[in-house]
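Reading through the structure tokens given below for one structure.
Protein chains: 4
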Amino acid sequence: MIVILKRDPDKAQLRSLMTWLESKGVSVHTTVGAQQTILGLVGDTSAIDIDLISALDIVEAVRRVQEPYKNANRKFHPQDTVVTVKGVSIGGGRLAVLAGPGAVESREQIVSLSERLKAAGADILWGGAYKSRSSPYSFQGLRAEGVKYLCEAGSLCGLPVAAELADISQAEELKDVDIIIVGARNMRNYELLRFLGGINKPVILKRAVSATYEELLMSAEYIMSAGNPEVILCERGIRTFEPHTSFTFDISAIPVLKQLSHLPVIADPCYAAGSYSLAEPLSEAAAAAGADGLLLVVNADPAHALCDGPLSIKVEGFEKTVKKVRRIEKTRLESD
Amino acid sequence: MIVILKRDPDKAQLRSLMTWLESKGVSVHTTVGAQQTILGLVGDTSAIDIDLISALDIVEAVRRVQEPYKNANRKFHPQDTVVTVKGVSIGGGRLAVLAGPGAVESREQIVSLSERLKAAGADILWGGAYKSRSSPYSFQGLRAEGVKYLCEAGSLCGLPVAAELADISQAEELKDVDIIIVGARNMRNYELLRFLGGINKPVILKRAVSATYEELLMSAEYIMSAGNPEVILCERGIRTFEPHTSFTFDISAIPVLKQLSHLPVIADPCYAAGSYSLAEPLSEAAAAAGADGLLLVVNADPAHALCDGPLSIKVEGFEKTVKKVRRIEKTRLESD
Amino acid sequence: MIVILKRDPDKAQLRSLMTWLESKGVSVHTTVGAQQTILGLVGDTSAIDIDLISALDIVEAVRRVQEPYKNANRKFHPQDTVVTVKGVSIGGGRLAVLAGPGAVESREQIVSLSERLKAAGADILWGGAYKSRSSPYSFQGLRAEGVKYLCEAGSLCGLPVAAELADISQAEELKDVDIIIVGARNMRNYELLRFLGGINKPVILKRAVSATYEELLMSAEYIMSAGNPEVILCERGIRTFEPHTSFTFDISAIPVLKQLSHLPVIADPCYAAGSYSLAEPLSEAAAAAGADGLLLVVNADPAHALCDGPLSIKVEGFEKTVKKVRRIEKTRLESD
Amino acid sequence: MIVILKRDPDKAQLRSLMTWLESKGVSVHTTVGAQQTILGLVGDTSAIDIDLISALDIVEAVRRVQEPYKNANRKFHPQDTVVTVKGVSIGGGRLAVLAGPGAVESREQIVSLSERLKAAGADILWGGAYKSRSSPYSFQGLRAEGVKYLCEAGSLCGLPVAAELADISQAEELKDVDIIIVGARNMRNYELLRFLGGINKPVILKRAVSATYEELLMSAEYIMSAGNPEVILCERGIRTFEPHTSFTFDISAIPVLKQLSHLPVIADPCYAAGSYSLAEPLSEAAAAAGADGLLLVVNADPAHALCDGPLSIKVEGFEKTVKKVRRIEKTRLESD
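Chains A, B, C and D, in that order, are what the protein sequence lines are.
To convert, take the position in the first sequence, counting from 1, and add 75; that gives the working numbering.
To convert, take the position in the second sequence, counting from 1, and add 75; that gives the working numbering.
To convert, take the position in the third sequence, counting from 1, and add 75; that gives the working numbering.
To convert, take the position in the fourth sequence, counting from 1, and add 75; that gives the working numbering.
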């Protein structure tokens, strides 16, 4: 951490800052220039709250040099983390395919769909139960009943099951779910993150549409520092000025997050683009960029889906997409 | 609502769409062109889920003509809504000033600060108790204890009290608070919004840093359609590419939201800009643009605040700012 | 085009609008609702300036239904455009590789580099001569001299040459260049675009960092409507809030632009990401998403480059990247 | 400037970097930590190209501490710059009002309009002649003829005249114009900026819709370092995700630019918001935030303007707006 002081800083305040910094276990090196004095802080600065220093009268600016996350940082954990659920691995080279409908609509729908998804190559079944709709007048999901059907379907077809926990109060209802999904709008719900740090299940953490890579990693840090090391990062598009797609799928997030962190990184191109017609090229792009998995929205009959119809791939499209990404995965593994 | 059909739409599917639309109580006018056929939907389309139409094979695109919100819409409620709490009004011309510390740190701190804020012209006391920090290693607030001290301070100095409800589970702890604040990161927490629709207190709804005006109004619609009409909208900055400020304070939100809606609109320039030195000019700008209130972060000793120091105004700065905005408010009232 | 009228529009003004619209060759269908009257315009609306209608007192809003570009529109030209220069094709399935240094620094540098690039699989040589630097104190390029060396190098190694035209006044100096590049910051330089509409060379048009897909296509339309049909679109990253990369490489631009337009679409991952370490995964992603070409910044000695060092790939990295993207290209062709 | 080295940097490379830095006149202080070695550079670093250091193999990251601009920097020029043209001053406390039509359409139009604008309180006349339209099918302006009429109108009513120079080739045609405007899309046209550094007229430099404050100041630095100190900065909105306004008017730019620089800062709320109905509140907000001037688009008959109709204020609205902002200006002066 670098602290840039204002000209002619008050001596007593400077001494008090130095003492406080040293009490935090960091050592301080001072560089005096004509315009500015610079303090170089050396040691573990991850626990130093940058605001506490910035607010001082003698300080002009503070710049971080070290990343503020530790548990999620590849520097302290160079090996890829591999998360394994009922024999399915995420991370470590293979591409895991998660597939399912935007909304579970009935027991029949999800049971029949899950069989087809498994046959087409899905590794994990997911489905929407508590839907977050921007309009209170839209279908809000089957909620607890939807989770129940989803778990039954997973059990029948032999796939592990992933579902979103939208609020701590729903935790009991998701007890049979194998992987918990934290939706993008909950990435900064720190009460929820702390809660998930105390459970014994992998968590897929979706990037908020306005979050930087560092903020996503800090949210992972919340879960990890509270005791749960099995976090899977998920890129699902960021909000930009481009109106043609729902969100801008940030493909760079995949290689960058894998450089910065040892955690698995998966991609959610359907919710990012908002259109089934982009799901296939974006899935291939994500696979080529090194993604550890894909989370795809698949529906037997998108035209009559109660939600997410425009962004849902048909089962036939899913089959084709899986074949394509498996071919790219093979190419990727060969060339490394 | 306008539905643009693909060329040569399947006749049976088109008939089925028309029948469904009419069952929803809207009438349909068809315009046939060489390139495209266009359906014009007339009537109350706010309850029609646009996705259900977009996903149809015969549809190329759907464009809304009417706003998707009703309760919050000025078209159906031309008069300004005025929210009144213990004799203090928000909306309807006068500028309400909410002031308090980013974090309640002790009983003494908030009691002594609240007296000074009242003397300087604050109308409502607020304070942070459950802090949402991006790092798990930063100070997380006094939580329930902080709320207790805040309510005591309000009671002692005779000001109504506002505080953030970060999770439904904290509701009981906030029972003595007069106004509930929904933080920006909770603007799309629909479980929380539905819950707040059932309480009998005004709600300050902060715009998420990535939310459009329409999305903010749809979140207000969640609360209002669930039974609580007392929603106060709050602009607190959006995320853009500019790194100098924490967020870009979107001044246009004030006049636009007041055109689109009858709800009061207040401004939070401190968290937007992230710097006390911008709080004063932005407060004046917000007042000049027609804001119904200001939510300001004020601290007796920002340099030693446990959080939000860099963005906190000193009490002396607050006194100066209140004088300035009151002068602008006067100018505004005279010239209308 | 859809025109939404205000309630109770002035009859005379409405008649005048209808007459004017019909004089432009479009027919008008009227839908009268309780809240709103909607005019549906049918016919070729690309030449109608939307602002001329929006400004009328009787009009509430105007929505486009048809795209405002014609020459660049796939609807009117379903076949892929293939641009061919000295035997090298861009578009139509194969991936063209353009490579060269951010700045031509000397005759020796570019001659020696170009031989290595050709050997590694480059199809076209490019190089920076008129550099656009954000600081007036940075190296500004060899300018005319740089173009001369670049053309000599292309001629010696037998590769066509591409270079940026930063201002119309430089056109004579670029007379031997085979492909003209329009930099991102010139995408809205309409004087320049009109000029390029009158020349007989292909133009690579880079997307401005703040331009939508539609705006990029409208800039292509400027060139095409002025007589030059050989436009190659180039995605090079957009400006977002993410600070880790220079720009956010918008991978969706590739499939979307190819859906909307028949023009070839290439990708420039180096300037987008701003880091050589992302160039390889983003190149593979672009190839997988269907790009018709890649424009790569390659330098024999990035550590000592006079500009663009951090984003330049070494020749060894370029060789590896070309092999990888060729493998993906093969996969892509097989699976179609 | 702070240089963060990778672990165990190559000794020879480090020595070579140190020698080079010292040859540039900066002194280097080294801080060695367990994880990282940090170099603190002290002295004038504005002429050091950050890329030249970042690209070195031994360097992990570089952070600027000092601003990269000198001429525009308030630190080296604490007094406000005041630009004076034919007796009208911009900067130094008073609010200058520039007004005129988006497009000069005829001699009669501009002569008659300019008289009314002067009567209503305009200080400077401006008008659009070379229009930058996103569609090649829209009205492109009267060009040289428009400039001629504009200058005649200014001369007749006794107001100085401002007009946009869209390309160096138009300079001769603008010889009678008093103030040159650089449009937002030309803010990074460095050929044009260098040219304007050599003329003897004030330049209004509009912020590009995707430019940071620092980038705007670096563009001012181009003009200033080439010999022209009379630069006026202009905020005209940035591109964000919000679709309701054309651009997001960044009110914070006004106080921030005035903190960072001594140059006058004016505001252009009409092109920012894209709607006349927002021009008035945003003008008041800009005045309250400390703007040195307003550039307003005014038209006698917006409904029939050949361009910019929806964002043009009527003359009556302009009169009202001038009165309001003058009242705020008075308040501002009193309270300082």
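Ideal placement from N, C-alpha and C gives every residue a C-beta, glycine not left out.
From a predicted model like this one, the values you see are computed outputs, not experimental measurements.
Exposure of residue i, with buried meaning 16 or more beta-carbon neighbours within 10 Å
i        : result
A/Val431 : An answer regarding residue 431 of chain A cannot be provided, because it is not within the stretch 76 to 411 covered by chain A.
B/Gly384 : buried
B/Phe151 : exposed
B/Arg82  : exposed
A/Asp253 : buried
A/Ser102 : exposed
D/Ser91  : exposed
B/Thr159 : exposed
D/Ala130 : buried
C/Gln154 : exposed
B/Met76  : buried
Short Cβ contact (8 angstroms threshold) for residue i with residue j
i        : j        : result
C/Gly162 : C/Val179 : no
B/Phe316 : C/Phe316 : yes
D/Leu280 : D/Ser294 : yes
B/Gly175 : B/Ser207 : no
C/Ile341 : C/Ile298 : no
A/Ile320 : C/Ser327 : Rather than Ile, the amino acid found at residue 320 of chain A in this sequence is Thr. Yes, Cβ-Cβ distance for A/Thr320 and C/Ser327 is below 8 angstroms.
C/Ala195 : C/Val397 : yes
C/Arg139 : C/Ile128 : no
B/Leu332 : B/Pro344 : no
A/Ile133 : D/Gly115 : no
D/Thr262 : D/Ala283 : According to the sequence shown, residue 262 of chain D is Met rather than Thr. Against a cut-off of 8 angstroms, the Cβ pair of D/Ala283 and D/Met262 comes out as a contact.
Within-8 angstroms CB hit, residue i to chain D
i        : result
C/Val243 : The question names Val, but residue 243 of chain C is Ile in the sequence shown. Interface residue, yes.
B/His337 : no
C/Phe151 : no
C/Gly203 : no
C/Ala375 : no
B/Val372 : no
C-beta neighbour in chain C for residue i, strict 8 angstroms
i        : result
D/Met293 : yes
A/Val140 : no
D/Ser327 : no
D/Gly216 : no
A/Ser209 : no
Chain B contact for residue i (CB, 8 angstroms cutoff)
i        : result
A/Cys309 : no
D/Glu359 : yes
C/His319 : no
C/Ile133 : no
Any C-beta of chain A under 8 angstroms from that of residue i
i        : result
C/Asp343 : no
B/Leu127 : yes
D/Gly349 : no
C/Ile313 : yes
Integer-rounded CB distance, given that residue j should sit under 8 angstroms from residue i
i        : j        : result
D/Ala403 : D/Ala362 : Strictly speaking, residue 403 of chain D in this sequence is Ile, with Ala absent from that position. The pair is a contact, with the Cβ atoms about 4 angstroms apart (cut-off 8 angstroms).
C/Ala238 : C/Leu217 : Between C/Leu217 and C/Ala238 the Cβ distance is about 12 angstroms, and since that is not below 8 angstroms, they are no contact.
B/Val172 : B/Gly368 : 7 angstroms
Name the residues in the stretch 247-263 of chain B whose C-beta lies less than 8 angstroms from a C-beta of chain A; which are they? So the list reads Arg260, Asn261 and Arg263, given in the order they occur along the chain.
The stretch 107-125 of chain D: positions lying closer than 8 angstroms to chain A by Cβ: Val107, Gly108, Ala109, Gln110, Gln111, Ile113, Gly115, Val117 and Gly118
Got a sec: which bits of the stretch 376-389 of chain C sit with their beta carbon under 9 angstroms from any beta carbon on chain D, in order along the chain? Pro377, Ala378, His379, Ala380, Leu381, Cys382, Asp383, Gly384, Pro385, Leu386 and Ser387
Give me the subset of the stretch 273-297 of chain C whose CB atoms are less than 8 angstroms from a CB atom of chain A, sorted by chain position. Ser285, Thr287, Tyr288 and Glu289
Can you give me, in chain order, the residues of the stretch 158-173 of chain A that have a beta carbon less than 8 angstroms from any beta carbon in chain C? none
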